[in-house]
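Colleague:
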Amino acid sequence: MNWLTNFVRPKLRALVSRKATPDNLWVKCSKCEQMLFMRDWEANQHVCTHCGHHMRVRPLKRLPHLFDEGKYERHPLPRVPTDPLKFRDTKRYDARLKEAQSKNEGTGEALVVASGLMAGRTTVMALLDFDFMGGSMGTAVGEGLVMAADLAVARTAPLIVFSASGGARMQEGILSLMQLTRTTIAVRKVKEAGLPYIVVLTDPTTGGVSASFAMLGDVHLAEPDAIIGFAGPRVIQDTIRQELPPGFQRSEYLLEHGMVDAVVHRHKLRETLIRLVSLLMDPRISESRGLAVAGG
Ligand SMILES: [Zn+2]
1 MNWLTNFVRP
11 KLRALVSRKA
21 TPDNLWVKCS
31 KCEQMLFMRD
41 WEANQHVCTH
51 CGHHMRVRPL
61 KRLPHLFDEG
71 KYERHPLPRV
81 PTDPLKFRDT
91 KRYDARLKEA
101 QSKNEGTGEA
111 LVVASGLMAG
121 RTTVMALLDF
131 DFMGGSMGTA
141 VGEGLVMAAD
151 LAVARTAPLI
161 VFSASGGARM
171 QEGILSLMQL
181 TRTTIAVRKV
191 KEAGLPYIVV
201 LTDPTTGGVS
211 ASFAMLGDVH
221 LAEPDAIIGF
231 AGPRVIQDTI
241 RQELPPGFQR
251 SEYLLEHGMV
261 DAVVHRHKLR
271 ETLIRLVSLL
281 MDPRISESRG
291 LAVAGG
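The numbering of the sequence shown is my numbering, which starts it at 1 and goes up by one.
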């Protein structure tokens, strides 16, 4: 009996429970459906190595590719009252929030604020996290953006925002809608201080975020093929009862129609941002070269 329980059973168990491949070794491209080796995909900044499709990247994965030597400082968001309306749909809002926080180690809310050096210049960044409750803007996100703006002004630094959101956080009702005005005022503070405010629109940027700070940049860059708009295409189509043109609400379409200044490949974002900030902040460069931006 001893020999069976101590020796044979563990061996059998190890054989049965061993997985041929770990679950997280491969990723499927959401566009061309090719299988990508996770390590290659991450090294390629979540861009498909077959078709070049830009898949969504979470803030903490994106930040190291933007700052000098991948080094930056994270600024915790100001504390705000959770669930002020005691909102409940199929679940309580505070339970939903806790669940999102437990699944999203590291972010804690739908916004990450960080500062660091970009080509030796102090830069403040605020990045929305679509994986955290759809990147929705509640009081915490609004408060975080105000903090990022204040930080940029205090450090005489440019503010760069990466947007990715489904809109306002409906569980916070009117309080989430108030963040549209608050973030607009925050952006204005940066502009009044004469500092650049640049927005990088990523997939997807919609709703209240696109109706506030995401559309107020001095310069708007967009990642290729990102959905950018206020209401979704189906809602618009049903309202106007007309077929929408191909590529509607995609980055390239918005570039053609003047809503976006440049569509930039993710690999070129850092250098483009560095160049833009230098053009906007160093008057001698902008005088001699003009404010030309290379599109991607
Ligand atoms: Zn692909």
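Built from N, CA and C at the ideal position, the CB exists for glycine as well. None of these values were measured; they are calculated from a predicted model.
From the DSSP output, in three-state form, read off aspartate 203 for me.
Modeller: The residue you call residue 203 lines up with position 203 of the sequence shown. Aspartate 203: strand per DSSP, three-state reduction.
Colleague: Check whether the Cβ of histidine 53 lies closer than 7 angstroms to any heavy atom of ligand 1, and answer yes or no.
Modeller: What you label residue 53 is simply residue 53 of the sequence shown in a count that begins at 1. Because some heavy atom of ligand 1 lies under 7 angstroms away, the Cβ of histidine 53 counts as near it: yes.
Colleague: Methionine 118 by DSSP, collapsed to three states: which one?
Modeller: Numbered from its first residue, the sequence shown carries residue 118 at position 118. In the structure shown, methionine 118 sits in a strand (DSSP, three-state: E or B).
Colleague: Give me the Cβ distance between serine 115 and alanine 149, rounded to the nearest whole Å; I'm assuming they're in contact under 8 angstroms.
Modeller: Stepping through the sequence shown from its first residue, residue 115 is reached at position 115. Stepping through the sequence shown from its first residue, residue 149 is reached at position 149. Incorrect: roughly 12 angstroms between the Cβ atoms, too far for contact.
Colleague: Tell me the DSSP secondary structure of phenylalanine 67 in three-state form.
Modeller: Counted from its first residue, the sequence shown places residue 67 at position 67. Three-state DSSP puts phenylalanine 67 in coil, outside helix and strand.
Colleague: How far does the alpha helix (DSSP H) with arginine 219 in it reach, from first residue to last?
Modeller: Start at 1 with the first residue of the sequence shown, and residue 219 comes out as number 219. With the sequence shown as reference, residue 219 is identified as valine, and arginine is not the correct amino acid for it. Run containing valine 219: none in the alpha helix (DSSP H); it sits in the beta strand (DSSP E), 219-222.
Colleague: Please report the residue range of the beta strand (DSSP E) in which lysine 28 lies.
Modeller: Position 28 of the sequence shown holds residue 28. DSSP places lysine 28 inside the beta strand (DSSP E), whose first and last residues are 26-28.
Colleague: Say whether the stretch 195-208 touches the stretch 167-174, bearing in mind that this needs 3 or more beta-carbon pairs closer than 8 angstroms, one atom from each stretch.
Modeller: yes
Colleague: Unbroken alpha helix (DSSP H) runs of length 4 or more, entirely within the stretch 33-83: which are they?
Modeller: If one requires a minimum length of 4 residues, the alpha helix (DSSP H) runs lying completely within the stretch 33-83 are 38-43 and 59-62, in chain order.
Colleague: According to DSSP, what are the bridge partners of valine 124?
Modeller: The residue you call residue 124 lines up with position 124 of the sequence shown. Valine 124 is bridged by DSSP to Ser115 and Leu159.
Colleague: Note down the Cα distance separating alanine 294 from proline 196, rounded to an integer number of angstroms.
Modeller: The residue labelled residue 294 in the question sits at position 294 within the sequence shown. The residue labelled residue 196 in the question sits at position 196 within the sequence shown. Low confidence applies here, because alanine 294 scores a pLDDT of 49, under 50, leaving its location unreliable; read the following figure in that light. So the two alpha carbons sit approximately 18 angstroms from each other.
Colleague: Within 10 Å of its beta-carbon, does cysteine 48 have 16 or more other beta-carbons around it, so buried, or fewer, so exposed?
Modeller: For the purposes of this step, residue 48 is taken as the residue at position 48 of the sequence shown. Buried: at least 16 other Cβ atoms inside 10 Å.
Colleague: Could you compute how far the alpha carbon of arginine 74 sits from the alpha carbon of glutamate 109?
Modeller: Within the sequence shown, the letter at position 74 stands for residue 74. Within the sequence shown, the letter at position 109 stands for residue 109. Rounded to the nearest angstrom, the two C-alpha atoms are 13 angstroms apart.
Colleague: So, helix, strand or coil for arginine 275, using DSSP?
Modeller: Sequence index remark: in the sequence shown, residue 275 carries index 275 (1-based). In the structure shown, arginine 275 sits in a helix (DSSP, three-state: H, G or I).
Colleague: Taking the alpha-carbon of lysine 268 as reference, which of Ile228, Ile198, Thr90 and Leu221 has the nearest alpha-carbon?
Modeller: What you label residue 268 is simply residue 268 of the sequence shown in a count that begins at 1. Cα-wise, what sits closest to lysine 268 is Leu221.
Colleague: Starting from leucine 297, trace the alpha helix (DSSP H) in both directions and tell me its first and last residue.
Modeller: This structure does not reach residue 297, given that the chain is present from 1 up to 296, and the question cannot be answered.
Colleague: For the candidate residues His46, Arg121 and Gly232, whose alpha-carbon lies nearest to that of serine 278?
Modeller: As a first step, residue 278 is located in the sequence shown; it is residue number 278 there, counting from the start. Of His46, Arg121 and Gly232, the residue nearest in Cα terms is Arg121.
Colleague: Along the alpha helix (DSSP H) that carries glycine 167, what are the first and last residues, could you check?
Modeller: Locating residue 167 in the sequence shown gives position 167, counting from the first residue. Here glycine 167 belongs to no alpha helix (DSSP H), and DSSP marks it neither H nor E.
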